[in-house]
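Asker: Protein chains in written order, with the numbering used here: chain C, 64 to 176; chain W, 13 to 123. Even for Gly, the Cβ is constructed at its ideal location relative to N, Cα and C.
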Amino acid sequence: DVKVTQSSRYLVKRTGEKVFLECVQDMDHENMFWYRQDPGLGLRLIYFSYDVKMKEKGDIPEGYSVSREKKERFSLILESASTNQTSMYLCASRTTGGVQPQHFGDGTRLSIL
Amino acid sequence: GEDVEQSLFLSVREGDSSVINCTYTDSSSTYLYWYKQEPGAGLQLLTYIFSNMDMKQDQRLTVLLNKKDKHLSLRIADTQTGDSAIYFCAVSYSSASKIIFGSGTRLSIRP
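(1) Can you list the residues of chain C that tyrosine 45 of chain W reaches, using a CB-CB cut of under 7 angstroms?
(2) Applying the criterion that 16 or more other CB atoms from any shown protein chain within 10 Å of the CB defines a buried residue, is serine 29 of chain W buried or exposed?
(3) According to DSSP, simplified to helix, strand and coil, what is threonine 78 of chain C?
(4) Below 7 angstroms CB to CB, which residues in the same chain sit around lysine 133 of chain C once its five sequence neighbours on both sides are set aside?
(5) Please state whether DSSP places aspartate 95 of chain W in a helix, a strand or coil.
(6) Can you tell me whether DSSP reads asparagine 94 of chain C as helix, strand or coil?
(7) Looking at the secondary structure, which residues open and close the beta strand (DSSP E) in which valine 115 of chain C lies?
(8) Nearest chain B C-beta to phenylalanine 21 of chain W closer than 7 angstroms, yes or no?
(9) At a CB distance below 9 angstroms, what residues from the segment 37-65 of chain W approach chain C? Give them in sequence order.
(10) Please work out which residues of its chain come closer than 7 angstroms, Cβ to Cβ, to valine 67 of chain C, disregarding the five sequence neighbours upstream and downstream, and give them in chain order.
(11) Give, in chain order, every unbroken run of the beta strand (DSSP E) that is at least 3 residues long and sits entirely within the segment 13-55 of chain W.
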């Protein structure tokens, strides 16, 4: 079974802090994704990466950056956390093409105080 | 561009069938998926259908695809309290790495 592991289930940080959310997958997938999920808004794509050191902006990249130095790891960075970034963050991975679905981690619930 | 739409809420009585609907805009879809999200958890793949199929059945789950109308549905037979969750419809395209998700339908079960 594919395993996508997010480093924290719950995280509390302060406004202005630099925040790192880590995600690791164990299936050698080329593609990795970061979403945020807010009530009534569904999943919104922040960034995705289709290869090591490659990244693409999603629908809401402002205030975020990402890093993919190794194939299995995709990090989401909040450069200067703000209260409107309080949300559930979901990481996913997928191989390219065919029927392969996206596999999700359990999510990180991030609160910015 | 690609868009996937779902209604936000559905309430059904325990033991009845639930039907969750989804529409999408781009007809060049390849695979269509249904995911389930339980409270506090990530999304779990339930089932999928290839775009050249019109129906797929898997135990209590039936997926129907009307490609002409770009409409996908998920039917859950004999709905149980454990089926309470948010259900996401998602669509993939051969030209893209990413999958487009709907906003999710929250299914609640009445006794």
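Answerer: This is what the structure holds:
(1) Pro164, listed in chain order.
(2) Its Cβ having fewer than 16 others within 10 Å, serine 29 of chain W is exposed.
(3) Shown here, threonine 78 of chain C sits in coil according to DSSP, grouped into three states, outside any helix or strand.
(4) Same-chain partners within the cutoff: Val115.
(5) Aspartate 95 of chain W: helix per DSSP, three-state reduction.
(6) If DSSP states are grouped into helix, strand and coil, asparagine 94 of chain C belongs with the strands.
(7) Counted as a single uninterrupted DSSP element, the stretch harbouring valine 115 of chain C is not any beta strand (DSSP E), since DSSP gives it neither H nor E.
(8) Protein chains C and W are contained in the structure displayed, whereas chain B is not.
(9) Across the segment 37-65 of chain W, CB contacts with chain C closer than 9 angstroms involve Thr42, Tyr43, Tyr45, Tyr47, Gln49, Gly52, Ala53, Gly54, Leu55, Gln56, Leu57, Tyr60, Phe62, in sequence order along the chain.
(10) Sequence-distant partners of valine 67 of chain C (beyond 5 residues in either direction) whose C-beta falls short of 7 angstroms from its own C-beta, in its chain, are Cys86, Gln88, Cys154, Ala155, Ser156, His166, Phe167, Gly168.
(11) Listed in chain order, they are 16-18, 21-25, 30-36, 41-49.
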